[in-house]
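> Structure provided below as structure tokens; questions to follow.
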Amino acid sequence: MATSKVKEILGLNTKELTALMRDLGIGSDHEDDFSLMMTAQDWTINEKIRAAVQYMGFDARQIIAQFYKKADENLIEDGSVPTLTCGDAVLHEKNDPKTDLLFFINTFLERGNNISKAVLRCDSNAGNVLSRKARAYGISMDPNKNKTVLSTKDLTLSRLAQAFAVCAATIILDKGVQGKLKSKLLGPLPIIMQHTIFASLIPTTSNFSESLREVAQILNMEMSIMLSLPKEKRKMMTKSIEDLLEVSNQYVDAAMNGSTMSDAVKMRILLKAGVIVVDNKVMKLSQETQVVVARLAGVRAKSRLTYSMAIEQLAVEEHSHFCVPNKLDNV
13 MATSKVKEIL GLNTKELTAL MRDLGIGSDH EDDFSLMMTA QDWTINEKIR AAVQYMGFDA
73 RQIIAQFYKK ADENLIEDGS VPTLTCGDAV LHEKNDPKTD LLFFINTFLE RGNNISKAVL
133 RCDSNAGNVL SRKARAYGIS MDPNKNKTVL STKDLTLSRL AQAFAVCAAT IILDKGVQGK
193 LKSKLLGPLP IIMQHTIFAS LIPTTSNFSE SLREVAQILN MEMSIMLSLP KEKRKMMTKS
253 IEDLLEVSNQ YVDAAMNGST MSDAVKMRIL LKAGVIVVDN KVMKLSQETQ VVVARLAGVR
313 AKSRLTYSMA IEQLAVEEHS HFCVPNKLDN V
């Protein structure tokens, strides 16, 4: 069997990769799909990607390369037995990319991007293991690190989840991990949309790509507001949605175009997540997603308003739209 680019990128052996892909409904008969993946040359000549990466300082390929570089510095030996326990996780004393990566992604999904906070909220044993693993991979324990500009090689839990979005999506769907985001502008969301990795899962060539891209812009904007510090949050709330979306747009483009997955793999994940469905052999947005997309028009019409003003107006309009008319109105 030819070596697939997915195997090379994820650094998993055949058995591990097969199990992971089976969870997403991707079998060996789809091996050819992986050839659609962007090559290094595609990456360097794509001006849109370069601009987005330059703005964000985030390059998924550099994050992946840096992760495995750090793993190699103290790699496990053949036949070594894992001895560290952290909740349900059993880890090696030395670096094991597969188990360590899943450990980091689980930590991110359960505790967020701030490792120093996660350590404080864990029991002492789990906190010690998390600290040791973070130091082994050069992940900063400085609580102020996220406030500074990161280089393209700086590892964070969020960046690992984005770069290895296929693994993060598998965990989310397998465990039913609810995200933090409850969108006030778009209403109830499918589970995968509640997470910051959603933008990395949007295909670049489908007939529904632009709709999902617009959804991701709003979701990322709301996530940024929600996760910002109080002082920054107050500042953001005074800006128009139009201005906030301009910043969000750069992030979404970087995540979409910089993904290490082919569109074929992305679409299988979205099918599994119920974001899209197959109807008469054609992939299209599911009913649930169409409801979310339908609210885009209302948000776009209010893009010059601030976030809180737009929410208030949308709520008033929805209430009046569904309100039962008073019988006295016609008297």
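Numbers 13 to 343, taken from this note's numbering, label the letters of the sequence shown in order.
Cβ coordinates follow ideal geometry from the N, Cα and C atoms, glycine included.
Thinking just about the alpha-carbon of each residue, which of Ile281, Ala181 and Lys82 is nearest to the one in Asn107?
Residue numbering aside, residue 107 sits at position 95 when the sequence shown is read from its first letter. Nearest option by C-alpha distance: Lys82.
> CB-CB under 6 Å to Ala180, same chain, minus the five flanking residues each way: which ones, in chain order?
Here the question's residue 180 lines up with position 168 in the sequence shown. The residues are Ile117, Ala173 and Ile209.
> Taking the C-alpha atoms as reference points, what is the distance between Met249 and Ala327?
The residue given as residue 249 occupies position 237 in the sequence shown. The residue given as residue 327 occupies position 315 in the sequence shown. Distance between the alpha carbons of Met249 and Ala327: 18 Å.
> Using DSSP with H/G/I as helix, E/B as strand and the rest coil, what is Ser252?
Looking up residue 252 in the sequence shown gives position 240. Residue state, collapsed to three classes: strand.
> Tell me, please, whether the segment 286-297 touches the segment 212-227 by the rule of three or more beta-carbon pairs shorter than 8 Å.
Counting Cβ pairs under 8 Å, three or more are found: they touch.
> Just verifying my parser: in three-state terms, what is the DSSP assignment at Glu226?
The residue labelled residue 226 in the question sits at position 214 within the sequence shown. Glu226 falls in the helix class under three-state DSSP.
> Are there 16 or more other CB atoms within 10 angstroms of the CB of Asp112, so buried, or fewer, so exposed?
Locating residue 112 in the sequence shown gives position 100, where the first residue counts as 1. Result: buried.
> In terms of residue numbering, what span does the alpha helix (DSSP H) encompassing Val287 cover?
What you label residue 287 is simply residue 275 of the sequence shown in a count that begins at 1. Element bounds for Val287: n/a, residue is neither H nor E.
> Assign Ala138 to one of three DSSP states: helix, strand, or coil.
Start at 1 with the first residue of the sequence shown, and residue 138 comes out as number 126. Helix at Ala138.
> Evaluate contact between the segment 278-289 and the segment 250-258, counting only Cβ atoms and requiring at least three cross-stretch pairs below 8 Å.
With a cut-off of 8 Å, the segment 250-258 and the segment 278-289 do not count as touching, because too few Cβ pairs lie within range.
> According to DSSP, simplified to helix, strand and coil, what is Met273?
Mapped onto the sequence shown, residue 273 falls at position 261. Here Met273 sits in coil by DSSP.
> From Asn125 to Ser170, what distance separates their C-alpha atoms?
Here the question's residue 125 lines up with position 113 in the sequence shown. Here the question's residue 170 lines up with position 158 in the sequence shown. Answer to the nearest angstrom: the Cα atoms are 6 Å apart.
> Go ahead and label Ala313 buried or exposed: buried means 16 or more other beta carbons lie within 10 angstroms of its beta carbon, across all protein chains shown.
Translated into positions along the sequence shown, residue 313 becomes position 301. That one is exposed.
> Output needed for Val290: all residues of its chain with C-beta closer than 6 Å, excluding positions within five of it in sequence on either side, in chain order.
Position 278 of the sequence shown, counted from the start, is the residue given in the question as residue 290. Closer than 6 Å at Cβ, skipping near neighbours: no residue.
> Between the alpha carbons of Thr318 and Met233, how many angstroms are there, rounded?
Locating residue 318 in the sequence shown gives position 306, where the first residue counts as 1. Locating residue 233 in the sequence shown gives position 221, where the first residue counts as 1. Cα-Cα distance, rounded: 12 Å.
> With a 10 Å radius around its C-beta and 16 neighbouring C-beta atoms as the bar for buried, classify Glu330 as buried or exposed.
As a position in the sequence shown, residue 330 is number 318, starting the count at 1. Glu330 is exposed by the Cβ-count criterion.
> Exposed or buried, which one is Ala72 when buried takes at least 16 other CB atoms within 10 Å?
One-based indexing of the sequence shown puts residue 72 at position 60. The residue is buried, with at least 16 neighbouring Cβ atoms inside 10 Å.
> Per DSSP, what are the beta-bridge partners of Leu297 in this structure?
Looking up residue 297 in the sequence shown gives position 285. Leu297 is bridged to Ile288.
> Given this structure, state the Cα-to-Cα distance separating Ala228 from Glu258, to the nearest angstrom.
Your numbering for residue 228 matches position 216 in the sequence shown. Your numbering for residue 258 matches position 246 in the sequence shown. Using only the alpha carbons, I get a separation of about 12 Å.
> Can you give the beta carbon distance from Ala211 to Val264, rounded, assuming they're within the 8 Å contact cut?
The sequence position of residue 211 within the sequence shown is 199, counting from 1. The sequence position of residue 264 within the sequence shown is 252, counting from 1. That belief holds up - the Cβ atoms of Ala211 and Val264 are roughly 5 Å apart, short of 8 Å.
> How would you label Ala266, buried or exposed, when you count the other beta carbons within 10 angstroms and need 16 or more for buried?
What you label residue 266 is simply residue 254 of the sequence shown in a count that begins at 1. By the neighbour-count rule (16 or more Cβ atoms within 10 Å), Ala266 is buried.
> Quick one: what's Leu87 bridged to in DSSP?
The residue you call residue 87 lines up with position 75 of the sequence shown. BP columns for Leu87 point to Asn107.
> Return the chain-ordered list of same chain residues with a C-beta closer than 7 Å to the C-beta of His207, the five sequence neighbours on each side being excluded.
For the purposes of this step, residue 207 is identified with residue 195 of the sequence shown, where counting begins at 1. Excluding residues within five positions, the ones whose Cβ falls inside 7 Å are Ile184 and Gly191.
> Could you work out which residue in Met205, Ser236 and Val102 is closest to Val304 when comparing CA atoms only?
The residue you call residue 304 lines up with position 292 of the sequence shown. Cα-wise, what sits closest to Val304 is Met205.
> DSSP three-state label for Leu185, please.
For the purposes of this step, residue 185 is taken as the residue at position 173 of the sequence shown. Here Leu185 sits in helix by DSSP.
> Ignore the nearest five residues each way along the sequence and tell me which others in Gly199's own chain have a CB closer than 8 Å to its CB.
By 1-based counting over the sequence shown, the position of residue 199 is 187. Hits under 8 Å: Val303, Val304 and Arg307.
> So what's Thr208 in DSSP terms, helix, strand or just coil?
As a position in the sequence shown, residue 208 is number 196, starting the count at 1. Helix at Thr208.
> In whole angstroms, give me the CA-to-CA distance for Leu201 and Thr301.
Walking along the sequence shown from the start, residue 201 turns up at place 189. Walking along the sequence shown from the start, residue 301 turns up at place 289. Cα to Cα, Leu201 sits roughly 8 Å from Thr301.
> Just checking my contact of Ile230 with Val311 at CB under 8 Å: how many whole Å lie between their CB atoms?
One-based indexing of the sequence shown puts residue 230 at position 218. One-based indexing of the sequence shown puts residue 311 at position 299. With 8 Å as the limit, Ile230 and Val311 qualify as a contact, their Cβ atoms being about 6 Å apart.
> When the Cα atoms are used, what is the spatial distance from Ile151 to Ser195?
As a first step, residue 151 must be located in the sequence shown, where it is residue number 139. As a first step, residue 195 must be located in the sequence shown, where it is residue number 183. Roughly 30 Å between the two C-alpha positions.
> Give the DSSP-derived three-state secondary structure of Leu96 in the structure shown.
Numbered from its first residue, the sequence shown carries residue 96 at position 84. Note: Leu96 maps to strand in three-state DSSP.
> Going along the chain, which residues of its own chain have a beta-carbon closer than 6 Å to the beta-carbon of Ile88, five neighbours each way excluded?
Walking along the sequence shown from the start, residue 88 turns up at place 76. His104, Lys106 and Asp108.
> Please state whether DSSP places Thr318 in a helix, a strand or coil.
Start at 1 with the first residue of the sequence shown, and residue 318 comes out as number 306. Thr318 falls in the strand class under three-state DSSP.
> Pull the bridge partners of Val102 from the DSSP assignment, please.
Taking the sequence shown and counting its residues from 1, one reaches residue 102 at position 90. DSSP lists Thr97 as partners of Val102.
> Evaluate Lys243 with the Cβ neighbour count: other Cβ atoms within 10 Å of its Cβ, from every protein chain shown; 16 or more gives buried, anything less gives exposed.
Translated into the one-based positions of the sequence shown, residue 243 becomes position 231. It is exposed - the Cβ of Lys243 has fewer than 16 other Cβ atoms within 10 Å.
> Compute the Euclidean distance between the alpha carbons of Thr97 and Lys278, then round it to the nearest angstrom.
In the sequence shown, residue 97 corresponds to position 85, counting from 1. In the sequence shown, residue 278 corresponds to position 266, counting from 1. Distance between the alpha carbons of Thr97 and Lys278: 33 Å.
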